[in-house]
Structure formats: structure tokens, C-alpha cells
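**Q** I'd like to ask you about the structure that follows.
In this note's numbering, the protein residues as written are 43 to 277.
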């Protein structure tokens, strides 16, 4: 199971995400770095473990305040060895911007950015993007048709439980179990609520392809050995 760090960027700084309530997010405080400047945060993460991928959410873009493309492209260029999964949404629910600009970027399309009318766009983009199924509680944000039309999904799918993000409530194991039973041919990446080694072991035993983490890394409750044990066998 691959461990993928998460960086949420708002107003040019990394912020601490909690339960999807973006209006309350504050600059990140971390044991890995002394500043919330995104480059320093990435260096702190890579000092902890040589992560192959980092998920980065451009919250300004997702909230319709303008994408931070200069910043995200600069970070991609500064860390060419890292594959960045970047969620900047679909402006107005329409076509995505002409990205990726860099070879080490993979675009994430969150369901919160998708309307029923924009589902054909996802189908067209599917070979090249990652889909995030974004949930608040049991409610899918965005186009509900996504749940019953897995043929629209790309290969990589994230189960994003926003209510669990930064909550210390643990990951949504029930959701992973339901989706794994319903779609046994797929392996899902889980996001939201991972606290410690026990959570990682549970997710790995349930067949998760990966886990997106932020709070536990910055609080120091997940260390390099735990990451290495989780990723054993990952290529």
C-alpha cells in the first residue's frame, strides 16, 4: 500500500485541513518544518521518507478564487523526482485548463467539481486523470450518477471522506469495505482520518491501494518505519 502525503494550499501557503470546512483552515504547523511555505513543507516530507508521489490541492482554485498555477508549476519544477497529483477542479464545471504543464503532474478531478453535464468530460479524460469521489458524511459531492456508472471512472480512484480529514476519527473503513465488495476488480486509495500505524495496517489488510495522509505526518504519529512497513512490496 502506497503512502501519499497531502498538501492543501490556500493563499500561497500550506494549510491544515479539517473536516472539509475550508473557511476555517489555518496555516500548517508541522514537526517536519518551521514554516507553512509549500516548498519547505515538501522538503520536510521528503526528509521523512522519499515519497514517490504527493497529492496537492489548490484550494483557491477549488473555491473559485483563481488557480495558483505559478506556485504549483514552480513546485513541480523544483521537485522533478516527485509525481504530483494536483486537484485544481474544473473551472465552472467545464473543460479543465491546459494542464499538466509539467511531465511529473497527474491531474485529479474531484466529484465536487463535476456536474451531470460535465460527466462526458471525465469519460474523455479518464485515461490521463485520477478521480476523487468526494464525500461529506454519506453524501457524494457533485454528480450522483458517478456512483452507478463505474465505466466512467479512470483506473485510479480516491475515496475522499472529507468529514474525516483532520478529525482524528480514523479512516472510513466501512466505505472502503462497501466499495471493495461492489467493485472487487478495483483497488481504491483512501483519504481522510488516518491517525496511526493501526489505521495503516487495517487499510492494507483490506486491500487499499494507497492512503493519503497529512495530519498524522505533521504531528509525528506516523514515522518512517511505519511508512516503510506499509509500502513493503510497492513498486
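Where is the CB? At the ideal position from N, CA and C, for every residue including glycine.
With a threshold of 8 angstroms on Cβ separation, who are the neighbours of residue 255 within its own chain once the five nearest residues in sequence on each side are excluded?
**A** The answer, listed in chain order, is 45, 46, 47, 48, 236 and 264.
**Q** Find the nearest neighbour of residue 222 within the set 245, 205, 239 and 98, judged by alpha-carbon distance.
**A** Considering only alpha carbons, the answer is 245.
**Q** Have a look at residue 248 and residue 146 and give me their C-alpha separation to the nearest angstrom.
**A** The alpha-carbon atoms of residue 248 and residue 146 are separated by roughly 29 angstroms.
**Q** Tell me which residues share the same chain as residue 81 and place their Cβ nearer than 7 angstroms to its Cβ, disregarding the 5 neighbours each side in the sequence.
**A** Only 117 and 120 meet the Cβ criterion.
**Q** Can residue 201 and residue 165 be called in contact, C-beta distance under 8 angstroms?
**A** In this structure, residue 165 does not lie closer than 8 angstroms to residue 201 by Cβ.
**Q** Looking at residue 174 and residue 282, is the spacing between their C-beta atoms short of 8 angstroms?
**A** Not covered by the structure: residue 282. The range shown for the chain is 43 to 277.
**Q** State the start and end residues of the unbroken alpha helix (DSSP H) segment that holds residue 103.
**A** 101-104 is the extent of the alpha helix (DSSP H) around residue 103.
**Q** Output the boundary residues of the alpha helix (DSSP H) element that contains residue 236.
**A** It is not in any alpha helix (DSSP H) - residue 236 carries neither H nor E in the DSSP assignment.
**Q** Are there any heavy atoms of the ligand PLP lying less than 7 angstroms away from the beta-carbon of residue 131, as far as the coordinates show?
**A** Of the ligands one can find in the structure shown there are none, so the ligand PLP has no counterpart to examine.
**Q** Give me the Cα-Cα distance between residue 89 and residue 170, rounded to the nearest whole angstrom.
**A** If I take the Cα positions, the gap works out to 29 angstroms.
**Q** So what does residue 127 bridge to, in DSSP terms?
**A** Note: residue 127 sits in a beta bridge opposite 97 and 148.
**Q** Using the beta-carbon count (16 or more within 10 Å), is residue 67 buried or exposed?
**A** It is buried - the Cβ of residue 67 has at least 16 other Cβ atoms within 10 Å.
**Q** How many angstroms separate the CA atom of residue 135 from the CA atom of residue 257?
**A** Because the pLDDT at residue 135 is just 47, under 50, the model does not fix this residue reliably, and the point stays unresolved.
**Q** Could you give the residue range of the beta strand (DSSP E) that holds residue 58?
**A** Run containing residue 58: 55-58, per the beta strand (DSSP E) assignment.
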